[in-house]
Amino acid sequence: MSATAGGRRGGRITYAVLICAVLVSAFPLYWTLVAASRSNAELARPLPALLPGPRLPDNLRSVLDEAAIGKALLNSLIVSGAITVGTVLCSTLAGFAFAKLRFRGRGALLGAVVASMMIPPQLGVIPLFMLIVELHWVNQLQAVILPGLVSAFGVFFMRQFLVQSLPDELIEAARVDGASYARIFRSIVVPVARPAMAVLGLLTFMTAWNDFFWPIVALSSQEPTVQVALRQLGGGYVHDQSVIMAGTLLGTLPVLLVFGLLGRQIVGGIMQGAVKG
Amino acid sequence: MPSAEPLALTAPKAPEAPKAPKAPLSPYAFLAPFFTLFAAFGIFPLLYTAYVSLYRAELQTPGELEWRGLGNYTALFTDPFFWTALRNTFTIGVLSTVPQLLMALGLAHLLNYRLRARTFFRTALLLPYATSVAAASLIFAQLFGHDFGLVNRLLDLVGIRPVDWQNGTAASQIAVSSIVVWRWTGYNALIYLAGMQTIPAELYEAAEVDGASRWRQFLHVTVPGLRPTIVFTSVVSTIGATQLFGEPLLFEGSVSGGISHQYQTLGLYMYEQGWGFLHLGRAAAIAWVMFLLIVVVVGANAWAGRRRSLKEAGR
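Protein sequences appear in the order of chains Y and L. Those letters in the first sequence? Residues 1 to 277, by UniProt numbering. Those letters in the second sequence? Residues 1 to 315, by UniProt numbering.
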């Protein structure tokens, strides 16, 4: 991996600059923890507290009472989980077809998928909203889940992976043995694609959990995701900074946890997507 | 009539041909789930936006459309807040995209050295990307608070008077941009790093033999090698900047982007028109203006990139 300029060892200045960058990256999150575990008065002192304090449980309790954070966390989990499973499945199916099967219109369809990655999602939000009003889906979780399953990036990502990692001979051999396409998908494609499916799943979960624009349009304070609930916290319902920061902490923690456990895979997935894309 | 004969004839040209037309429906079955959703929730809304933008459509009665022609667009162009939002989108876009990409390039260069704790650095720099827009905006709003915000207190320590990050035009735009810069610099650094790792080591060795300093190597080997990646990241960041929405919305919590709309972006203006004032038709027109803006900027970017490479090829 370190075949290029990476062959050269980093000097002291390299480390110093990188450590500064890491501190800048991490500080706002650390500060959230400090603010969430202190009282407003402690934050307002001339020399504010810089270490976490003892009030985290109190502030968390206030958030749970004042905003529907508990319900929001559950909703976010349902929405992000469903989007992750659905997107990975749809993307793997379509990615396999684009990577290994010959059919009429393949080039044009793949072109449409790639081109659609360039179009901002906000361009379609108004008709999408009118659509869910017609379907009486406003304030229902499927209004966020179904549009979330459309991932041109996912299809492209799986196609790129399968083009390289799935040998044509394997599929041909299975065809000769009389296996159906469905059978081939289950017992050959999925096992080969598993690492890429895992990375796509991680990226999809993070994006779905953090999605903001469409959920605040489609859902309200009665049926929020975490991001919708955070908007209400910041929108003047609560003025207590410590409580707002406690809510922010709760909304961020699940992704940070995933990130702490699987950060290496996420980094790898982003870099892989970058080179191939 | 259809059997092995014609297949065998085409087989030498395309070696994969034999496995194709045996079950002609099957490939489409694999595509069906994605393309059904894509048609319903991707393509249809996209096209329908153009249609809605020509009608009077109100949020309370979304089914009743009344023909307006270009009325939504002319109303837009006579609204001073539209021009404010357009200007803000441009300045905030520059303030957030340029430093973000320059810093990412520098960081990627450092990450490309042989480092101890390589994975730690990469992962830690990606932490902001894992933080949602909503959370990041709330955190930064707190840090930039007028009386008790940490930023003003730090400025106070070095003898600078507190800045009104919410109400000053330049100050609020810098604050909103800093949220974007914070969230995306590490992500872009990883994209650049991935690009750098595909540049052949021999190029650096040759430059070294020619006596090129590290800085010259960076300018004459790394940057040209990264040009496609740089174009890619500037296009993606530009598209992101054009749609900026959550940051200005949550920086203070109002849909107007500050008392005098001083940091209202086009994305926020569209939300205000559609879901604040209930004019969906007008909001659709704004969406189309945003899209045309992106087409122009991306086109200009591609054009500049092509000219650049033509010029270099001519040398």
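Backbone N, C-alpha and C fix where the C-beta goes; we use that ideal spot for every residue, glycine too.
(request) Enumerate, from N- to C-terminal direction, the unbroken alpha helix (DSSP H) stretches of 4 or more residues contained entirely within the region 121 to 206 of chain L. (result) 127 to 130, 133 to 143, 150 to 157, 169 to 196
(request) To the nearest angstrom, report how far apart Y30/Y and F251/L are at their CA atoms. (result) 19 Å
(request) Just grab the DSSP bridge partners of T61/L for me. (result) E58/L
(request) Just mark K19/L as buried or exposed, buried being the case when its beta carbon has 16 or more other beta carbons within 10 Å. (result) Confidence at K19/L is low in this model, with a pLDDT of 47, below 50, so the placement of that residue should be treated as unreliable; the coordinate-derived value is given next. It is buried - the Cβ of K19/L has at least 16 other Cβ atoms within 10 Å.
(message) Buried or exposed for V223/L, going by 16 or more other Cβ atoms inside 10 Å?
(response) Exposed, since its Cβ has fewer than 16 Cβ neighbours within 10 Å.
(request) Determine the burial state of I259/L: buried for a count of at least 16 other Cβ atoms within 10 Å of its Cβ, exposed for fewer. (result) exposed
(request) Kindly say whether R231/Y, judged by its beta-carbon, lies nearer than 8 Å to any beta-carbon of chain L. (result) Yes, R231/Y counts as interfacial toward chain L.
(message) Please list, in chain order, the chain Y residues whose beta carbon lies closer than 7 Å to that of V151/L.
(response) Going along chain Y, no residue has its Cβ under 7 Å from V151/L, so there is no contact; the nearest lies around 11 Å.
(request) Report the residue ranges of all alpha helix (DSSP H) runs contained in full by the region 193 to 277 of chain Y; include only those spanning at least 4 residues, in chain order. (result) Within the region 193 to 277 of chain Y, the complete alpha helix (DSSP H) runs of at least 4 residues are 213 to 218, 226 to 232, 241 to 276.
(request) Please specify which runs of the alpha helix (DSSP H), each continuous and at least 4 residues long, are wholly inside the region 70 to 137 of chain Y, giving them in chain order. (result) Residue ranges of uninterrupted alpha helix (DSSP H) with 4 or more members, entirely inside the region 70 to 137 of chain Y and ordered along the chain, are 106 to 116, 125 to 134.
(request) Kindly list, in the order they appear in chain Y, the residues whose Cβ is closer than 9 Å to that of Y73/L. (result) Ordered by position in chain Y, no residue passes the 9 Å Cβ test against Y73/L, which lies about 15 Å from the chain.
(request) Under 8 Å between beta-carbons, which chain L residues line up against I188/Y? List them in chain order, please. (result) What I188/Y touches in chain L: nothing, since even the nearest Cβ is about 13 Å away.
(message) So, does the region 113 to 128 of chain Y touch the region 209 to 224 of chain Y, judging by three or more C-beta pairs under 8 Å?
(response) yes
(message) So R122/L contacts chain Y; which residues on that side make the cut at Cβ distance below 7 Å?
(response) V267
(message) With H, G and I counted as helix, E and B as strand and the rest as coil, what does DSSP make of H220/L?
(response) helix
(request) Would you mind reading off the limits of the alpha helix (DSSP H) that contains H109/L? (result) 80 to 111
(message) Is there a C-beta anywhere in chain Y that falls below 8 Å from the one on T265/L?
(response) no
(request) Report yes or no: is there a C-beta of chain Y within less than 8 Å of the C-beta of I259/L? (result) no
(message) According to DSSP, is R38/Y part of a helix, a strand, or is it coil?
(response) Three-state DSSP puts R38/Y in coil, outside helix and strand.
(message) Assuming contact is defined by CB atoms lying nearer than 8 Å, are G87/Y and G154/Y in contact in what I supplied?
(response) Note on residue identity: the sequence assigns Thr, not Gly, to residue 87/Y. In contact: T87/Y and G154/Y (Cβ atoms closer than 8 Å).
(request) Please look up how many angstroms separate the CB atoms of A175/L and F144/L, rounded, as I've assumed it's under 8 Å. (result) 5 Å
(message) Can you pull the chain Y neighbours of P80/L, defined as C-beta to C-beta under 7 Å?
(response) Correct list: empty, because the minimum Cβ distance to chain Y is about 22 Å.
(request) Report yes or no: is there a C-beta of chain Y within less than 8 Å of the C-beta of R114/L? (result) yes
(request) Kindly give me the distance between the Cβ atoms of L230/Y and L150/L, rounded to whole angstroms, as I take these residues to be in contact under 8 Å. (result) Going by Cβ atoms, the distance from L230/Y to L150/L rounds to 20 Å, so no, they are not a contact pair.
(message) Can you pull out the residues from the region 81 to 94 of chain Y whose beta carbon lies closer than 8 Å to at least one beta carbon of chain L?
(response) L89, C90, S91, L93, A94
(message) If I follow the unbroken alpha helix (DSSP H) through I171/Y, where does it start and stop?
(response) 168 to 176
(message) Only counting the same chain, and skipping five residues up and downstream in sequence, which positions put a Cβ closer than 8 Å to that of V114/Y?
(response) Cβ neighbours of V114/Y beyond the five flanking positions: A152, F156.
(message) Does the structure place the region 250 to 265 of chain Y close enough to the region 182 to 196 of chain L that three or more beta carbon pairs sit under 8 Å?
(response) no
(message) Excluding the 5 residues flanking I160/L on each side, which residues of the same chain have their C-beta closer than 6 Å to its C-beta?
(response) The beta carbon of I160/L is closer than 6 Å to none in its chain, skipping five residues each way along the sequence.
(message) To test your reading of the DSSP string, which unbroken alpha helix (DSSP H) runs of 4 or more residues are found completely within the region 245 to 280 of chain L?
(response) 246 to 252, 266 to 271
(message) Counting only Cβ pairs nearer than 9 Å, list the residues of chain L close to W31/Y.
(response) I139, Q142, L143, L150
(request) At 9 Å on the CB atoms, spell out the chain Y contacts of W182/L, in chain order. (result) V24, S25, P28
(message) Three or more C-beta pairs under 8 Å: does that hold for the region 187 to 203 of chain L against the region 220 to 235 of chain L?
(response) yes
(message) Using a Cβ distance threshold of 8 Å, determine whether the region 293 to 303 of chain L contacts the region 234 to 245 of chain L, with at least three qualifying pairs required.
(response) yes
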